[in-house]
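Take the position in the sequence shown, starting the count at 1, then add 2; the result is the number in this note's numbering.
First comes the structure, then the notes that go with it.
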Amino acid sequence: MLSRRRATATIWLLHMPDGIPPYVLVARISSILGMSFSLAIGLLLLIGGWLLPALLAFLFFAPSIGLLVLVERRWATVTASIASSNID
3 MLSRRRATAT IWLLHMPDGI PPYVLVARIS SILGMSFSLA IGLLLLIGGW
53 LLPALLAFLF FAPSIGLLVL VERRWATVTA SIASSNID
């Protein structure tokens with residue numbers, strides 16, 4: 003007779019590094035949602051044969067990635083200036 007074992011998983015508590023402002027997290031989430039929705043809708047429209055609306059949906063990818071790049075660069079410069087002021 004085979005014995006039954008209960009499968010248990012250990013979930014480690016992972017978190018963002020301390021000191022990340024909430025606007026960075028909100029920008030990350032919203033930009034990733036915007037990118038995924040724009041690509042998904044664009045692909046569905048492209049499969050449906052609507053070329054112009056599909057291209058318009060694909061164009062909405064650019065502001066989403068632009069927001070992500072802008073916020074990440076701003077946060078990187080702020081943390082770099084804080085780190086350089088702590089070294090001195």
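Beta carbons are placed, not taken as given, at the ideal position from N, Cα and C, and that holds for glycine.
Under the assumption that Ala56 contacts Gly44 (Cβ atoms under 8 Å), give the Cβ distance between them as a whole number of angstroms.
-> Translated into the one-based positions of the sequence shown, residue 56 becomes position 54. Translated into the one-based positions of the sequence shown, residue 44 becomes position 42. Their Cβ separation, rounded to whole angstroms, is 5 Å, which keeps Ala56 and Gly44 in contact under 8 Å.
With DSSP run on the structure shown, which of helix, strand or coil describes Trp77?
-> For this step, residue 77 is matched to residue 75 along the sequence shown. Here Trp77 sits in helix by DSSP.
Would you mind sorting Ala82 into buried or exposed? The rule is 16 or more other CB atoms within 10 Å of its CB.
-> For the purposes of this step, residue 82 is taken as the residue at position 80 of the sequence shown. Under this definition Ala82 is an exposed residue.
Local Cβ density within 10 Å of Ala85, reported as buried at 16 or more and exposed below that = Numbered from its first residue, the sequence shown carries residue 85 at position 83. Ala85 is exposed by the Cβ-count criterion.
Count the other CB atoms within 10 Å of the CB of Ser38; is the residue buried (16 or more) or exposed (fewer)?
-> Taking the sequence shown and counting its residues from 1, the one referred to as residue 38 is at position 36. That one is exposed.
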